[in-house]
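These protein sequences, in sequence, are chains A and B. The opening residue of the first sequence carries number 508 in our numbering; numbering runs sequentially from there. The opening residue of the second sequence carries number 508 in our numbering; numbering runs sequentially from there. Where a beta carbon is used, it is the ideal one built from N, C-alpha and C, also for glycine.
Number of protein chains: 2
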Amino acid sequence: MNNRAVVVLSGGLDSSTCMGIAKKKGYEIYPITFSYGQRHDRELNSAISIAEYYKCDDHKIVDINFLSEIGGSSLTDKSLEIRENELSEDIPNTYVPARNLIFLSLAIAYAETIDADYIYIGVNSLDYSGYPDCRPEFIDSIQNTARLATKRGVNQGNIIINTPLMDLDKKQIVKLGVRINVPFELTTSCYIGEDEACGVCDSCLLRIQGFQQNNYVDPIKYMSKNEETFK
Amino acid sequence: MNNRAVVVLSGGLDSSTCMGIAKKKGYEIYPITFSYGQRHDRELNSAISIAEYYKCDDHKIVDINFLSEIGGSSLTDKSLEIRENELSEDIPNTYVPARNLIFLSLAIAYAETIDADYIYIGVNSLDYSGYPDCRPEFIDSIQNTARLATKRGVNQGNIIINTPLMDLDKKQIVKLGVRINVPFELTTSCYIGEDEACGVCDSCLLRIQGFQQNNYVDPIKYMSKNEETFK
Numbered sequence: 508m509n510n511r512a513v514v515v516l517s518g519g520l521d522s523s524t525c526m527g528i529a530k531k532k533g534y535e536i537y538p539i540t541f542s543y544g545q546r547h548d549r550e551l552n553s554a555i556s557i558a559e560y561y562k563c564d565d566h567k568i569v570d571i572n573f574l575s576e577i578g579g580s581s582l583t584d585k586s587l588e589i590r591e592n593e594l595s596e597d598i599p600n601t602y603v604p605a606r607n608l609i610f611l612s613l614a615i616a617y618a619e620t621i622d623a624d625y626i627y628i629g630v631n632s633l634d635y636s637g638y639p640d641c642r643p644e645f646i647d648s649i650q651n652t653a654r655l656a657t658k659r660g661v662n663q664g665n666i667i668i669n670t671p672l673m674d675l676d677k678k679q680i681v682k683l684g685v686r687i688n689v690p691f692e693l694t695t696s697c698y699i700g701e702d703e704a705c706g707v708c709d710s711c712l713l714r715i716q717g718f719q720q721n722n723y724v725d726p727i728k729y730m731s732k733n734e735e736t737f738k
Numbered sequence: 508m509n510n511r512a513v514v515v516l517s518g519g520l521d522s523s524t525c526m527g528i529a530k531k532k533g534y535e536i537y538p539i540t541f542s543y544g545q546r547h548d549r550e551l552n553s554a555i556s557i558a559e560y561y562k563c564d565d566h567k568i569v570d571i572n573f574l575s576e577i578g579g580s581s582l583t584d585k586s587l588e589i590r591e592n593e594l595s596e597d598i599p600n601t602y603v604p605a606r607n608l609i610f611l612s613l614a615i616a617y618a619e620t621i622d623a624d625y626i627y628i629g630v631n632s633l634d635y636s637g638y639p640d641c642r643p644e645f646i647d648s649i650q651n652t653a654r655l656a657t658k659r660g661v662n663q664g665n666i667i668i669n670t671p672l673m674d675l676d677k678k679q680i681v682k683l684g685v686r687i688n689v690p691f692e693l694t695t696s697c698y699i700g701e702d703e704a705c706g707v708c709d710s711c712l713l714r715i716q717g718f719q720q721n722n723y724v725d726p727i728k729y730m731s732k733n734e735e736t737f738k
């Protein structure tokens with residue numbers, strides 16, 4: 508095995524923690540970030556800042572605007588309203604069709620090209636909120652598909668997809684991130700995408716809870732916080 | 508099940524035959540074509556002509572130039588020479604890392620968005636020339652991954668990936684295509700990508716053999732044909 512890892516980096520709290528973990532393990536990191544017309548292009552700037560913080564020379568930013576062109580998600584289709592303050596079991600309308608399948612397919616192609624043995628992706632099934640492509644059975648399946656789809660899988664053995672956050676909740680992720688000095692002040696989580704985080708969308712709610720439950724102060728700025736949920 | 512099918516259409520002989528088959532079965536066809544800086548952009552024009560021939564209103568053309576950016580294939584990297592006249596068992600340097608995995612991931616996202624039950628893709632394992640992502644075990648695996656990756660897979664049942672050419676050789680594909688009136692004069696196969704087909708690359712060789720073995724005349728123009736191979 509070699510020492511290279513492709514890290515899927517969105518600029519959010521989870522992927523940045525994932526990056527910190529891969530870095531701490533001593534891998535040579537190749538971050539890959541997907542730009543797909545998401546509402547929050549603050550994410551892209553965050554991803555760039557985090558790649559710089561970790562001194563990654565080669566940060567691959569991939570334009571996959573096709574995702575916004577085909578629509579079907581409130582994250583990429585501005586005609587759909589993002590549902591607020593509703594952490595439920597249903598698949599939310601922020602679901603982007605087959606997003607992690609597409610992200611991982613491109614990460615697999617990139618890993619094969621630069622001869623990286625590992626891919627890191629910060630999915631987790633506990634804070635899940637109903638995304639099917641964050642479950643371990645999906646990761647197991649795409650791992651198997653990667654082996655069958657690639658020259659590398661046939662000749663050299665598979666690329667290993669690591670999901671170190673899979674079984675952690677947001678409280679544990681925040682705790683771990685703080686311990687290994689992930690620069691959370693550079694990350695962004697809000698679905699709405701203004702200069703300051705909204706404090707009321709699903710993603711803000713999860714993040715705020717994660718810091719509160721650790722009695723940590725979240726270093727980013729919020730427009731407001733939902734007092735009802737966080738009293 | 509509904510009546511919609513996404514067809515992965517490259518503009519080549521196989522994908523056009525696949526399109527003809529789906530059309531003949533009576534599906535409402537949604538062709539999707541990937542533009543990725545391949546040497547042969549004639550392919551793109553062929554795909555457009557074929558979609559028009561089959562009267563498809565909505566032809567999705569997706570720019571995935573990332574594939575050429577990451578390199579690793581003689582089809583997208585102009586610094587690599589395309590190997591000529593060598594139909595061997597090895598994986599050729601025209602292999603594009605994880606190409607069919609990426610194509611199918613995007614086709615799955617598109618099918619989910621437009622609520623299509625079927626995807627057609629013209630891969631075949633006999634004329635294989637060593638591409639791992641043309642084998643039935645790869646298709647079975649991505650089919651399973653699609654079920655796990657999507658909201659549709661969770662709620663409604665899987666998208667069916669049909670590969671009607673999987674077990675056919677080029678002779679059989681040409682025969683079938685002629686029988687169902689696929690407009691082969693609009694298709695293109697050459698890897699090199701000049702106005703006329705080179706007649707000597709792997710892809711030209713396979714195509715020429717397919718027509719010759721049926722005693723059919725290939726309606727496209729060639730610069731030359733390799734006399735050694737086709738005497």
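Alpha carbons only, please: which of B:GLY527, B:SER523, B:ILE615 and B:SER731 is nearest the one belonging to ILE687 of chain B? Here residue 687 of chain B refers to the residue found at position 180 of the second sequence. Closest by alpha carbon: B:GLY527.
Backbone secondary structure at SER522 of chain B - three-state DSSP: Translated into the one-based positions of the second sequence, residue 522 of chain B becomes position 15. Residue state, collapsed to three classes: helix.
First and last residue of the uninterrupted alpha helix (DSSP H) at SER517 of chain B: Position 10 of the second sequence, counted from the first residue, corresponds to residue 517 of chain B. That residue, SER517 of chain B, is in no alpha helix (DSSP H); it is neither H nor E in DSSP.
What are the complete alpha helix (DSSP H) segments, minimum 4 residues, inside the region 617 to 660 of chain B? Whole alpha helix (DSSP H) segments, 4+ residues: 643 to 656.
Span separating the alpha-carbon of GLY689 of chain A from that of TYR561 of chain A: One-based indexing of the first sequence puts residue 689 of chain A at position 182. One-based indexing of the first sequence puts residue 561 of chain A at position 54. Inspection of the sequence shows that residue 689 of chain A is occupied by Val rather than by Gly. Between VAL689 of chain A and TYR561 of chain A, the C-alpha separation is close to 9 Å.
I'd like to know whether the C-beta of LEU582 of chain B is nearer than 9 Å to at least one C-beta of chain A. Sequence index remark: in the second sequence, residue 582 of chain B carries index 75 (1-based). Legend: pLDDT at LEU582 of chain B = 49, less than 50; position of this residue unreliable, value from coordinates given subsequently. Chain A, which has no Cβ nearer than 9 Å to the Cβ of LEU582 of chain B, makes this no.
Kindly indicate which three-state DSSP category ASN722 of chain B falls into: helix, strand or coil? Here the question's residue 722 of chain B lines up with position 215 in the second sequence. Residue state, collapsed to three classes: coil.
Backbone secondary structure at CYS711 of chain B - three-state DSSP: To locate residue 711 of chain B, count along the second sequence from 1; it is residue 204. Reduced to three states, the DSSP call for CYS711 of chain B is helix.
How do the region 657 to 670 of chain A and the region 561 to 574 of chain A stand: do at least 3 beta-carbon pairs fall below 8 Å, yes or no? no
Could you spell out where the beta strand (DSSP E) holding ASN669 of chain B opens and where it closes? Residue mapping note: residue 669 of chain B aligns to position 162 of the second sequence, counting from 1. First-last of the beta strand (DSSP E) with ASN669 of chain B: 667 to 669.
Return helix, strand or coil for LYS678 of chain B, following the three-state DSSP convention. If you number the second sequence from 1, residue 678 of chain B lands on position 171. The answer is helix: DSSP assigns LYS678 of chain B an H, G or I state.
On the three-pair Cβ rule with 8 Å, is the region 514 to 521 of chain A touching the region 694 to 711 of chain A? yes
I need the straight-line Cα distance from GLU559 of chain A to TYR537 of chain A, nearest angstrom please. By one-based count along the first sequence, residue 559 of chain A stands at place 52. By one-based count along the first sequence, residue 537 of chain A stands at place 30. Roughly 12 Å separates the two Cα atoms.
Within 9 Å (strictly less), CB to CB, does GLY664 of chain A reach chain B? For the purposes of this step, residue 664 of chain A is taken as the residue at position 157 of the first sequence. Judged by the 9 Å Cβ criterion, GLY664 of chain A is not in contact with chain B.
At least 3 beta-carbon pairs within less than 8 Å: the region 715 to 723 of chain A vs the region 672 to 682 of chain A: yes
Sort A:LEU608, A:ARG659, A:ASN631 and A:ASN651 by Cα distance to ALA623 of chain A and report the nearest one. Taking the first sequence and counting its residues from 1, the one referred to as residue 623 of chain A is at position 116. Closest option to ALA623 of chain A, Cα to Cα, is A:ARG659.
Does chain A have any CB closer than 9 Å to the CB of ILE667 of chain B? Numbered from its first residue, the second sequence carries residue 667 of chain B at position 160. No, ILE667 of chain B does not count as interfacial toward chain A.
So the alpha helix (DSSP H) TYR537 of chain A belongs to, where does it begin and stop? For the purposes of this step, residue 537 of chain A is identified with residue 30 of the first sequence, where counting begins at 1. Looking at the DSSP string, TYR537 of chain A is not in any alpha helix (DSSP H); the run it does join, the beta strand (DSSP E), is 535 to 542.
Is LEU516 of chain A near the ligand ATP, going by C-beta to nearest heavy atom under 8 Å? Looking at this structure, you won't find the ligand ATP or any other ligand, since it has none at all.
What does ASP570 of chain A pair with, by DSSP beta-bridge criteria? On the first sequence, position 63 is the one that residue 570 of chain A refers to. According to DSSP, ASP570 of chain A bridges with A:SER542.
So, is ASN631 of chain A buried or exposed, given that buried needs 16 or more other C-beta atoms within 10 angstroms? Residue mapping note: residue 631 of chain A aligns to position 124 of the first sequence, counting from 1. When all chains shown are included, ASN631 of chain A counts as buried.
When we look at the beta-carbon of GLN650 of chain B and count the other beta-carbons within 10 Å, is it buried (16 or more) or exposed? As a first step, residue 650 of chain B must be located in the second sequence, where it is residue number 143. Classification of GLN650 of chain B: buried, given that the 10 Å Cβ count is 16 or more.
Among A:ASP674, A:ASP570 and A:LEU611, whose alpha-carbon lies nearest the alpha-carbon of SER542 of chain A? Along the first sequence, read from residue 1 onward, the residue named residue 542 of chain A stands at position 35. Looking at the Cα atoms, A:ASP570 is the closest of the given residues.
So the candidates are B:VAL724, B:TYR723 and B:SER731; which of them puts its Cα closest to the Cα of CYS705 of chain B? Within the second sequence, residue 705 of chain B is the residue found at index 198, counting from 1. Of B:VAL724, B:TYR723 and B:SER731, the residue nearest in Cα terms is B:SER731.
Using 9 Å as the limit for Cβ to Cβ distance, is ILE680 of chain B near chain A? Here residue 680 of chain B corresponds to residue number 173 of the second sequence, with the count starting at 1. No, its Cβ sits nowhere closer than 9 Å to a Cβ of chain A.
Which term fits ASP452 of chain B, buried or exposed, when burial requires 16 or more other beta carbons within 10 angstroms of its beta carbon? In the structure as shown, chain B starts at 508 and stops at 738, and residue 452 of chain B therefore has no counterpart that could be examined.
Mark SER595 of chain B as exposed unless 16 or more other C-beta atoms lie within 10 angstroms of its C-beta, in which case mark it buried. Translated into positions along the second sequence, residue 595 of chain B becomes position 88. With a pLDDT of only 48 at SER595 of chain B, under the threshold of 50, the placement of this residue in the model should not be trusted, and no figure is reported.
Against chain A, with Cβ distances strictly below 9 Å, would GLU559 of chain B count as a contact? For the purposes of this step, residue 559 of chain B is identified with residue 52 of the second sequence, where counting begins at 1. Using a CB distance cut-off of 9 Å, GLU559 of chain B does not count as an interface residue toward chain A.
Closer than 9 Å to chain A by CB, LEU516 of chain B: As a working mapping, residue 516 of chain B is identified with position 9 in the second sequence. False, the Cβ-Cβ gap to chain A never drops below 9 Å.
Which whole-angstrom value is the C-beta distance of CYS525 of chain B and GLY629 of chain B, which I expect to be below 8 Å? Within the second sequence, numbered from 1, the residue matching residue 525 of chain B stands at position 18. Within the second sequence, numbered from 1, the residue matching residue 629 of chain B stands at position 122. 4 Å between Cβ atoms; contact.
Report the neighbours of LEU551 of chain A on chain B: residues whose CB is nearer than 7 Å to its CB, in chain order. For the purposes of this step, residue 551 of chain A is taken as residue 44 along the first sequence, with counting starting at 1. None at all; the shortest Cβ gap to chain B is about 15 Å.
With a threshold of 16 other CB atoms inside 10 Å of the CB of VAL515 of chain A, please say whether the residue is buried or exposed. As a working mapping, residue 515 of chain A is identified with position 8 in the first sequence. The residue in question, VAL515 of chain A, is buried, as its Cβ has 16 or more Cβ neighbours within 10 Å.
Taking a contact to mean a Cβ-Cβ separation below 9 Å, would you say ARG511 of chain B touches TYR625 of chain B in this structure? For the purposes of this step, residue 511 of chain B is identified with residue 4 of the second sequence, where counting begins at 1. For the purposes of this step, residue 625 of chain B is identified with residue 118 of the second sequence, where counting begins at 1. In contact: ARG511 of chain B and TYR625 of chain B (Cβ atoms closer than 9 Å).
Does DSSP put TYR698 of chain A in a helix, in a strand, or in coil? Taking the first residue of the first sequence as 1, we reach residue 698 of chain A at position 191. It is coil, neither helix nor strand.
ILE555 of chain B, enclosing alpha helix (DSSP H) - first and last residue: Here the question's residue 555 of chain B lines up with position 48 in the second sequence. Where ILE555 of chain B is concerned, the enclosing alpha helix (DSSP H) stretches over 549 to 560.
Could you pull the DSSP bridge partners for ARG511 of chain A from this structure? The residue given as residue 511 of chain A occupies position 4 in the first sequence. DSSP links ARG511 of chain A through a beta bridge to A:GLU535.
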